[in-house]
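A.B. asks: According to UniProt numbering, the residues represented by the sequence shown are 1 to 111, in order.
In this text, a Cβ means the ideal position worked out from N, Cα and C, and glycines have one as well.
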Amino acid sequence: MPTETGHEDAVEHPVGQQPREARDQGRAGDPTAVHAAVRAGERAMDEFLAIVGDLVGTQHARRFAALLLASAHGITDLQVSGHLSVDKWHVSVEDLVPTLVSVIDSQVRSE
Numbered sequence: 001m002p003t004e005t006g007h008e009d010a011v012e013h014p015v016g017q018q019p020r021e022a023r024d025q026g027r028a029g030d031p032t033a034v035h036a037a038v039r040a041g042e043r044a045m046d047e048f049l050a051i052v053g054d055l056v057g058t059q060h061a062r063r064f065a066a067l068l069l070a071s072a073h074g075i076t077d078l079q080v081s082g083h084l085s086v087d088k089w090h091v092s093v094e095d096l097v098p099t100l101v102s103v104i105d106s107q108v109r110s111e
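1. Go ahead and label I51 buried or exposed: buried means 16 or more other beta carbons lie within 10 angstroms of its beta carbon, across all protein chains shown.
2. Using three-state DSSP, classify G57 as helix, strand or coil.
3. Are V56 and F48 closer than 8 Å when you measure CB to CB?
4. Looking at the structure shown, is D46 part of a helix, part of a strand, or coil, going by DSSP?
5. Would you kindly work out how many angstroms separate the C-alpha atoms of M45 and R39, rounded to a whole number?
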């Protein structure tokens with residue numbers, strides 16, 4: 001049945017009409033979906049820690065995994081916002097991660 005706006009497949013929404021497919025997508029509050037997403041995140045973190053631990057030793061894994069993750073987020077944020085230009089810093093994004101890994105490697109070898 002058509003609504004006032006002429007959308008046959010729409011539902012009432014506090015801000016107006018919302019297409020049914022938009023309402024049906026996501027289900028972010030669905031406990032099953034939330035649990036599955038949390039478990040997937042935990043598995044990814046465990047795998048990341050295992051990889052870093054293989055490189056730096058399990059005793060250093062969390063410290064350097066956190067450093068890598070925080071640095072990657074910072075690099076991405078700066079690049080996306082335009083604050084990490086080659087003209088300004090004379091280094092490319094592609095150079096930063098290998099540099100960070102090299103610094104971590106040097107630190108682990110010196111301990």
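C.D. replies: Reading off the structure:
1. Exposed.
2. Residue state, collapsed to three classes: coil.
3. The answer is no: Cβ separation not under 8 Å.
4. Three-state result, D46: helix.
5. So the alpha carbons of these two residues sit roughly 10 Å apart.
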